[in-house]
Amino acid sequence: MSDNVAFDIVIVGGATVGSLLACSLAQQDLRIALIEPHYPAQVLDDAPTELRVSAISPYSQEALENIGAWHLLPENRISPYEFMHVWDGTGDGKIHFSAADMGIPCLGHIIENTLVQSALHQRVKSFNNINVFSTSLNSYTVDEDEVSVLLDNDVTLSAKLIIGADGVRSKVRELAGIDLRVNPYFQKGLVAVVETDLPHQDTAWQRFLPTGPLAFLPLANGTCSIVWTLPSDQADYYLKMSEEDFNRRLTEALGNKLGSVRVKSQRAAFPLSGRQAESIVQKRVALVGDAAHTIHPLAGQGVNLGIKDALGLVSVLTDVVPQALGDYDVLRRYERSRRGENLLTEKTMEGFKLLFGNTFSPIQILRNTGLNMVDQLDPVKHSLMRHAMGL
1 MSDNVAFDIV
11 IVGGATVGSL
21 LACSLAQQDL
31 RIALIEPHYP
41 AQVLDDAPTE
51 LRVSAISPYS
61 QEALENIGAW
71 HLLPENRISP
81 YEFMHVWDGT
91 GDGKIHFSAA
101 DMGIPCLGHI
111 IENTLVQSAL
121 HQRVKSFNNI
131 NVFSTSLNSY
141 TVDEDEVSVL
151 LDNDVTLSAK
161 LIIGADGVRS
171 KVRELAGIDL
181 RVNPYFQKGL
191 VAVVETDLPH
201 QDTAWQRFLP
211 TGPLAFLPLA
221 NGTCSIVWTL
231 PSDQADYYLK
241 MSEEDFNRRL
251 TEALGNKLGS
261 VRVKSQRAAF
271 PLSGRQAESI
281 VQKRVALVGD
291 AAHTIHPLAG
301 QGVNLGIKDA
311 LGLVSVLTDV
321 VPQALGDYDV
331 LRRYERSRRG
341 ENLLTEKTME
351 GFKLLFGNTF
361 SPIQILRNTG
371 LNMVDQLDPV
381 KHSLMRHAMG
391 L
């Protein structure tokens with residue numbers, strides 16, 4: 001390969017959103033360069049369950065189907081869930097969602113992140129018009145007609161557009177000089193795989209506690225993946241706690257809903273914060289996924305929002321000739337199409353965090369009353385769920 005290679009689009013970041021975006025654009029007969037230094041290895045059938053999972057919405061499932069990646073996921077490690085049960089840990093407020101009530105087969109699928117990325121990697125390799133560069137972005141410059149991209153291996157690429165799908169610490173965003181608004185939550189998400197005395201019933205369980213939400217997500221082998229939002233110092237303490245004491249605390253935190261709980265994996269925790277890029281486009285530059293925004297994980301919508309970004313950008317770019325792919329007016333159409341939903345989701349998640357973290361008695365009473373009222377209003381309940389699922 002020469003030291004100066006021309007493409008239509010350069011995508012930096014080959015995780016879920018970047019790889020799906022690459023495949024979707026390749027289907028439009030565009031020449032794609034995908035920059036990703038750390039593609040995951042193929043996951044073995046008997047490999048232990050990964051700690052990080054995603055709740056893949058029906059919208060995201062359809063996106064994976066459309067690029068031929070869904071059927072590459074191992075069926076024995078995909079867990080469709082038919083129900084979601086949410087309740088207030090300080091009262092009797094609850095809300096229950098059912099796929100059957102909404103006329104759909106399931107509310108979504110719980111899938112390990114590396115499995116999704118592995119399936120997407122297989123699809124990426126099948127496209128002749130996607131070139132993967134197993135290195136990192138060094139720098140890029142934008143001029144009137146193109147963007148020139150320098151990689152760490154000294155290869156230079158030229159394209160009409162560079163897309164940052166390179167996550168929270170996006171170098172594309174940094175080099176563009178786009179400011180990032182950060183809202184630290186001073187919390188961590190503690191994750192682990194657990195087994196329970198009682199079956200998970202194909203249900204995603206979520207209990208709102210004053211310290212943060214606790215989610216039990218059903219896995220295909222009968223175990224559950226947990227995401228427990230805690231104050232940072234408390235999460236660190238729980239990581240060091242003996243397994244016996246941790247199991248007891250976890251069982252109590254879920255209100256014994258699934259009987260005794262036993263951790264079956266290592267425990268890990270990651271810091272939580274909300275982030276929003278001040279802009280998600282410049283001339284010949286666009287951001288998608290975590291490079292553009294991150295939200296609180298309590299709704300499990302992070303990857304689904306990123307996939308919506310990707311398909312929103314594809315929709316805009318398929319309407320223009322290749323020479324106009326990086327035009328600012330074109331990219332502004334993408335920004336306008338996504339900005340509203342991303343901001344609304346961010347503020348909604350932060351509102352939930354504040355609402356359920358409030359221990360003021362009148363607020364608790366109103367909160368529980370409101371949950372029970374919504375549970376009885378099927379049109380409202382179904383509208384909330386359909387929005388969350390991207391339907």
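Under UniProt numbering, the final residue of the sequence shown carries the number 391; numbering is consecutive throughout.
For each residue, glycine too, the CB sits at the ideal point set by N, CA and C.
Whole-angstrom distance between residue j and residue i, CA atom to CA atom
| i | j | result |
| --- | --- | --- |
| L317 | R336 | 14 Å |
| T16 | V124 | 11 Å |
| Q301 | V288 | 14 Å |
| S19 | T196 | 35 Å |
| S60 | G306 | 10 Å |
| M84 | Q323 | 47 Å |
| D236 | I104 | 40 Å |
| L21 | E82 | 28 Å |
| T203 | P218 | 6 Å |
| M222 | P379 | Here the sequence assigns Gly to residue 222, which means Met is not the residue at that position. The alpha-carbon atoms of G222 and P379 are separated by roughly 32 Å. |
| N138 | L151 | 5 Å |
| L250 | L230 | 12 Å |
| L384 | V155 | 48 Å |
| E75 | P297 | 25 Å |
Contacting residues, own chain, Cβ-Cβ under 8 Å from residue i (five flanking each side not counted)
| i | result |
| --- | --- |
| L254 | W205, R207, L214, F216, V261 |
| N129 | A26, D29, L30, R31, I32 |
| M241 | R249 |
Buried versus exposed call for residue i [16 or more other C-beta atoms within 10 Å across all chains shown]
| i | result |
| --- | --- |
| S2 | With a pLDDT of 48 at S2, under the threshold of 50, the modelled position of that residue is not reliable, and the figure given next carries that caveat. That one is exposed. |
| H293 | buried |
| A277 | buried |
| K160 | buried |
| N153 | exposed |
| A291 | buried |
| Q201 | exposed |
| A286 | buried |
| E144 | exposed |
| R173 | buried |
| L198 | exposed |
| V47 | According to the sequence provided, residue 47 is Ala. The question's Val does not apply to it. Under this definition A47 is an exposed residue. |
| L120 | buried |
| D101 | exposed |
Residue nearest to residue i in terms of C-alpha spacing, selected from the options
| i | options | result |
| --- | --- | --- |
| D233 | N131, E62, F186 | F186 |
| G177 | E65, I280, G340, A269 | I280 |
| R181 | I295, S79, H85 | I295 |
| V132 | I78, V10, V330 | V10 |
| V303 | L157, L34, S57 | S57 |
| G13 | A6, L34, S126, N4 | L34 |
| P184 | S383, L73, P271 | P271 |
| P210 | N247, G89, Y238 | G89 |
| V194 | S170, G259, L157 | G259 |
| E112 | A6, V330, R386, A55 | A55 |
Own chain, CB closer than 6 Å to residue i, minus 5 neighbours either side, in chain order
| i | result |
| --- | --- |
| V147 | Y140, A159, I162, R284 |
| P80 | C106, H109 |
| R338 | D309, G312 |
| L64 | W70 |
| A192 | I226, V263, S265, R267 |
| K171 | L137 |
Cβ shell of residue i (< 7 Å), same chain only, five flanking positions each side left out
| i | result |
| --- | --- |
| Q42 | S118 |
| S24 | I67, A310, L311, V314 |
| L175 | S139, Y140 |
| R332 | V281 |
Beta carbon proximity, residue i to chain D, threshold 7 Å
| i | result |
| --- | --- |
| M385 | Although the question refers to chain D, the structure presented lacks it and comprises just one protein chain. |
Would you mind listing the alpha helix (DSSP H) stretches within the stretch 1–68 that are 4+ residues and don't spill past its ends, in chain order?
16–26, 58–66
For the stretch 101–185, list the beta strand (DSSP E) runs that are entirely contained and at least 3 residues long, ordered along the chain.
108–112, 130–133, 137–142, 147–151, 156–159, 161–164
Output the residue ranges of the alpha helix (DSSP H) runs that lie fully inside the stretch 292–337 and measure 4 residues or longer, sorted by chain position.
302–317
At 3 residues or longer, and completely inside the stretch 210–274: list those beta strand (DSSP E) runs for me, N to C.
212–218, 224–231, 261–263
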